[in-house]
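Residue numbers (our numbering), protein chains in the order written: chain P, 20 to 271; chain F, 1333 to 1689.
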Amino acid sequence: MSAAPLLETRALRRSFGALAAARDIDFQLEAGARHALIGPNGAGKTTFINLLTGVVRPTAGVILLNGRDITGVPESLRVKLGIARTFQINRLFRHLSVLENVYISVAERTGVAPSMLRPAGRRRDVVEESMALLDSLKLTADAARRVSELPYGRQRLVEIAIALGLRPRVLLLDEPAAGVPSAESHIILDAVDRLPREIAVLIIDHDMDLVFRFAQRITVLVSGAVFASGSPREIGANPDVRAVYLGQAARG
Amino acid sequence: MTSFHRRSSAGGAPAPRRPAARTTPGGWADHAAARALASRHRLRAWEPIPWLLALAFYFAFPKYLGFGTEVLVTILFALSLDLVLGYAGIVTLGHAAFFGAGAYTVGMLAKQGIWNEPITGLILAALVAALVGLGSGMVLLRTQGLTLLMLTLCTMALLEEAANLAHVYTGGFDGLDSLPIAPLLGRFEFNPLYPRTQYLYVLSVLLICFVFVRTLVYSPFGQSLTGIRENILRMHAVGAPVRRRLVLCYVLSAAIAGIAGGIWAQANAYVNLGTLGLDRAATVLIILVLGGHGRLYGAFVGAIAYMALSHFLSKIYPTAWQLGLGLLLVVIALFAKNGILGIVEAAARGRRAPRAT
């Protein structure tokens, strides 16, 4: 078991017409990993996440979860297999309370969601689990508020909470701190730091402080292809990486 | 890998979260958010009032029971639309397809002398409308927005034309009249001049359907429908079988619309192409938006306001009464997109804490 990575892609390719958004990506995510994916804008990072979650189908190549080929498995079933994600731009249930947002996700995972005859609030197990999850992200004070009323930074935490409600084995964080004012960004960093060790985390971010503080391994994507991969020290010392990416403005 | 299969049950799996630092070991049931969620389905103190008023109307206005029956049927129809539009966010202009399917089921079965018992007739009407909803929903609900709107309209137009062409069975443009509907429970005649039976019958059916819809929208299923309305892409990302949920909701709504159509045919002993028409579909949409969608009681408020207004405006101003109605709708659409109930809610909120909506 330990030999096979938790999540792996082999020669994964996706073309949009003449544009190859992903070129033969070989990638491995180990169990419990803290892995960062960086690269300039348009490098294909979000496309890669969309390929892993099944939103976008690959043109060629395979995706393996625990050695099993999941390339043809649809999005909703990949969630059941333990792959969850957050979005670069909030995709929340804006007019519902914070608790209801997480409730939806927990109810989906536990199979409670199709039930029609019992009031949602009477499912104490789902409510308790949702509240405990919010507590672990220090969100209980906002649990009764509408998501749309929260400051943006805290909305980003709800984004993470919904994904955690699925109890994933693999969590894909697409720029968790994007759009958060710098005064608030520490709450995102703290939350990312405190993610349970059992979850393998792949994070995309432009914030190099966050990436180098968080990641044990970094993969650099340029023009849809893996440009370099290694430990933060190796990547930081790699002159080619510095030239194409780190040399640019941090939010370029 | 067996672990794939073990995942979903997740029962014995160690919680992959750090144990939360709980301050209340007894749980979270007392937290304001949990209390709000646990109490939102409870019957509110004012909720019996509309039903008591409906009952009082029966005794107070025996001359207006025909009008009252019409209003109650419209409420039921608007309630079915609220389920798909207000809760699941399915935009449709073709909901009369199901009303008509139910009405023609009752009408044709009675006219051919096959079946004229009212209650089982309604169940058949619901089943036929649900089947139409299932068939069309599986195709239509792959689309969204404007495409969906056009396709629901087209489905209804196709049904209407089919009913027109099959005039041997449907009576075509003339419809089917003098339907021989059997007495309710074998005792109570449907008298078209004194529609007392009809009124109480429709009120009872409305109550049953309302309790069902109310239960549904506060259930986890209803919560997931709200999730689909609020953010369909996120629902995919949490692993929800979105299309299956939407189709199921559409089928249930169609069944209720079918009951509304069936009971309309029974109450009037009559069915015609108007039950399937755009006029009816558009009117019910206007009624729901006027009352406030996604609010259960919006159907009540909208139907009563719309029908009472058209009733009185047409008396005061017989030539151009629709102008007044149109102006009112423009005002509602511009300034109160949550309808009359939205205004009431905003006023109630404003009294507690002044804040813009």
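For glycine and all other residues, C-beta sits at the position ideal for the given N, C-alpha and C.
Terminal residues of the continuous beta strand (DSSP E) containing P/ARG29? Position 10 of the first sequence, counted from the start, is the residue given in the question as residue 29 of chain P. Unbroken beta strand (DSSP E) run through P/ARG29: 26-35.
Quiz prompt | Straight-line Cα distance separating P/LEU118 from P/PRO170 | solution = Counting from one through the first sequence, the residue named residue 170 of chain P turns up at place 151. Counting from one through the first sequence, the residue named residue 118 of chain P turns up at place 99. Their Cα atoms are separated by approximately 16 Å.
So, under 8 Å CB-CB, F/THR1424 and F/LEU1415 are touching, yes? Tell me the CB distance rounded to an integer number of Å.
In the second sequence, the residue the question calls residue 1424 of chain F occupies position 92. In the second sequence, the residue the question calls residue 1415 of chain F occupies position 83. F/THR1424 to F/LEU1415, Cβ: 11 Å. No contact.
Practice task
Alpha carbon to alpha carbon, how far is F/GLY1426 from F/ARG1485? Give it in angstroms, no decimals.
Solution key: In the second sequence, the residue the question calls residue 1485 of chain F occupies position 153. In the second sequence, the residue the question calls residue 1426 of chain F occupies position 94. Note on identity: in this sequence residue 1485 of chain F is Leu, with Arg being the wrong assignment. About 5 Å.
**Message:** Between P/THR159 and chain F, is the shortest Cβ-Cβ distance under 8 Å, so that the two count as touching?
**Reply:** Taking the first residue of the first sequence as position 1, residue 159 of chain P is located at position 140. Yes, contact with chain F.
Fill in: CB contact flag (F/ALA1572, F/SER1556, <8 Å)
Here residue 1572 of chain F corresponds to residue number 240 of the second sequence, with the count starting at 1. Here residue 1556 of chain F corresponds to residue number 224 of the second sequence, with the count starting at 1. Result yes, Cβ atoms of F/ALA1572 and F/SER1556 sit closer than 8 Å.
Checking contacts by CB at 8 Å: is F/PHE1553 closer than that to chain P? Translated into the one-based positions of the second sequence, residue 1553 of chain F becomes position 221. Chain P contact via Cβ: present.
F/ARG1369 at chain P interface by Cβ criterion, 8 Å: Indexing the second sequence from 1 puts residue 1369 of chain F at position 37. Here residue 1369 of chain F turns out to be Leu, not Arg, going by the sequence shown. Yes - at least one Cβ of chain P is within 8 Å of the one on F/LEU1369.
request  = Excluding the 5 residues preceding and the 5 following P/GLU27 in the sequence, name in chain order all residues of the same chain whose CB lies nearer than 6 Å to its CB.
outcome  = The sequence position of residue 27 of chain P within the first sequence is 8, counting from 1. So the qualifying residues of the chain are GLN47, LEU83.
Are the beta-carbon atoms belonging to F/ALA1410 and F/VAL1537 less than 8 Å from one another?
-> Taking the second sequence and counting its residues from 1, the one referred to as residue 1410 of chain F is at position 78. Taking the second sequence and counting its residues from 1, the one referred to as residue 1537 of chain F is at position 205. Cβ distance not < 8 Å, so F/ALA1410 and F/VAL1537 don't count as in contact.
**Prompt:** From F/ARG1372 to F/SER1551, what distance separates their C-alpha atoms?
**Reply:** Counted from its first residue, the second sequence places residue 1372 of chain F at position 40. Counted from its first residue, the second sequence places residue 1551 of chain F at position 219. C-alpha separation (whole angstroms): 11 Å.
Item to complete: Mind checking which residues open and close the alpha helix (DSSP H) that includes F/GLN1555?
Response: Taking the second sequence and counting its residues from 1, one reaches residue 1555 of chain F at position 223. Element bounds for F/GLN1555: 1552-1562.
**Message:** Whole angstroms are fine: how far does the CA of P/ARG252 sit from the CA of P/GLU94?
**Reply:** In the first sequence, counting from the first residue as 1, residue 94 of chain P sits at position 75. In the first sequence, counting from the first residue as 1, residue 252 of chain P sits at position 233. C-alpha separation (whole angstroms): 35 Å.
Query raised in the report: Given that a residue counts as buried once 16 or more other Cβ atoms are within 10 Å of its Cβ, and exposed if not, what is F/PHE1542?
Result: As a working note, residue 1542 of chain F is residue 210 in the second sequence. Answer is buried; the Cβ neighbour count reaches 16.
Mind checking if P/GLU127 is an interface residue toward chain F, Cβ cutoff 8 Å exclusive? Start at 1 with the first residue of the first sequence, and residue 127 of chain P comes out as number 108. Output row for P/GLU127: interface = yes.
Buried/exposed call for P/SER149, threshold 16 Cβ in 10 Å: Indexing the first sequence from 1 puts residue 149 of chain P at position 130. With 16 or more other Cβ atoms within 10 Å, it is buried.
Q.
Only counting the same chain, and skipping five residues up and downstream in sequence, which positions put a Cβ closer than 8 Å to that of F/ALA1353?
A. Taking the second sequence and counting its residues from 1, the one referred to as residue 1353 of chain F is at position 21. Residue confidence is low: F/ALA1353 scores 44 on pLDDT, short of 50, so the model does not pin down where it sits. Its coordinate-derived value is still stated next. Cβ within range, chain order: n/a, list empty.
CB contact check: F/ASN1670 to chain P, cutoff 8 Å
Your numbering for residue 1670 of chain F matches position 338 in the second sequence. Judged by the 8 Å Cβ criterion, F/ASN1670 is not in contact with chain P.
Margin query: Does P/ASP226 come out as helix, strand or coil in the three-state DSSP assignment?
Written below: Translated into the one-based positions of the first sequence, residue 226 of chain P becomes position 207. Three-state result, P/ASP226: coil.
Three-way DSSP call (helix, strand, coil) for F/LEU1525 in this model
Walking along the second sequence from the start, residue 1525 of chain F turns up at place 193. F/LEU1525 falls in the coil class under three-state DSSP.
**chain F contacts from the segment 73-107 of chain P (Cβ-Cβ distance under 7 Å)** = ASN85, GLY86, ARG87, GLU94, SER95, VAL98, LYS99, LEU100, GLY101, ARG104
State the beta-bridge partners of P/SER116 as determined by DSSP. Mapped onto the first sequence, residue 116 of chain P falls at position 97. P/ARG165, per the DSSP bridge assignment.
Nearest-angstrom Cα separation, counted from F/LEU1539 out to P/ILE102: To locate residue 102 of chain P, count along the first sequence from 1; it is residue 83. To locate residue 1539 of chain F, count along the second sequence from 1; it is residue 207. Those two C-alpha atoms are separated by around 44 Å.
Check your understanding: Is F/GLY1571 helix, strand or coil by DSSP?
Key -> Locating residue 1571 of chain F in the second sequence gives position 239, where the first residue counts as 1. DSSP places F/GLY1571 in coil when its eight states are reduced to three.
Taking Cβ positions, are F/ALA1370 and P/GLY140 nearer each other than 8 Å? Within the second sequence, numbered from 1, the residue matching residue 1370 of chain F stands at position 38. Within the first sequence, numbered from 1, the residue matching residue 140 of chain P stands at position 121. Contact: yes.
Q. So, is the C-beta of F/TYR1550 closer than 8 Å to a C-beta in chain P?
A. Here residue 1550 of chain F refers to the residue found at position 218 of the second sequence. Yes, its Cβ sits closer than 8 Å to a Cβ of chain P.
- With burial defined as no fewer than 16 other Cβ atoms inside 10 Å of the residue's Cβ, what is the status of F/PHE1391: buried or exposed? Within the second sequence, residue 1391 of chain F is the residue found at index 59, counting from 1. Exposed: under 16 other Cβ atoms inside 10 Å.
Interface flag, F/GLY1559 vs chain P, CB-CB below 8 Å = Indexing the second sequence from 1 puts residue 1559 of chain F at position 227. Yes, its Cβ sits closer than 8 Å to a Cβ of chain P.
Please list the terminal residues of the continuous alpha helix (DSSP H) segment that includes P/ASP154.
Here the question's residue 154 of chain P lines up with position 135 in the first sequence. That run of the alpha helix (DSSP H) goes 143-155.
Q) Exposed or buried, P/ASP88, counting other C-beta atoms within 10 Å across all chains shown (16 or more means buried)? A) Working through the first sequence from its first residue, we reach residue 88 of chain P at position 69. The residue in question, P/ASP88, is exposed, as its Cβ has fewer than 16 Cβ neighbours within 10 Å.
ask   = Taking just the CA atoms, how far does F/ALA1495 sit from F/ALA1433?
value = Residue 1433 of chain F sits at position 101 when you count from the first residue of the second sequence. Residue 1495 of chain F sits at position 163 when you count from the first residue of the second sequence. Spanning the two alpha carbons is a distance of roughly 10 Å.
One or two residues paired with F/TYR1533 in a DSSP bridge: Taking the second sequence and counting its residues from 1, one reaches residue 1533 of chain F at position 201. In DSSP, F/TYR1533 forms no bridge with anything.
* For the ligand COA, is there a heavy atom less than 7 Å away from the beta-carbon of F/LYS1669? -> As presented, the structure is devoid of all ligands, the ligand COA included, so that no description of it is given.
field: Straight-line gap, F/ILE1648 to F/LEU1657 (C-alpha atoms, nearest Å)
entry: By one-based count along the second sequence, residue 1648 of chain F stands at place 316. By one-based count along the second sequence, residue 1657 of chain F stands at place 325. Going from the Cα of F/ILE1648 to the Cα of F/LEU1657 covers about 13 Å.
When you compare the CB positions of F/GLY1593 and F/ALA1461, do they come within less than 8 Å of one another, or not? Working through the second sequence from its first residue, we reach residue 1593 of chain F at position 261. Working through the second sequence from its first residue, we reach residue 1461 of chain F at position 129. The answer is yes: Cβ separation under 8 Å.
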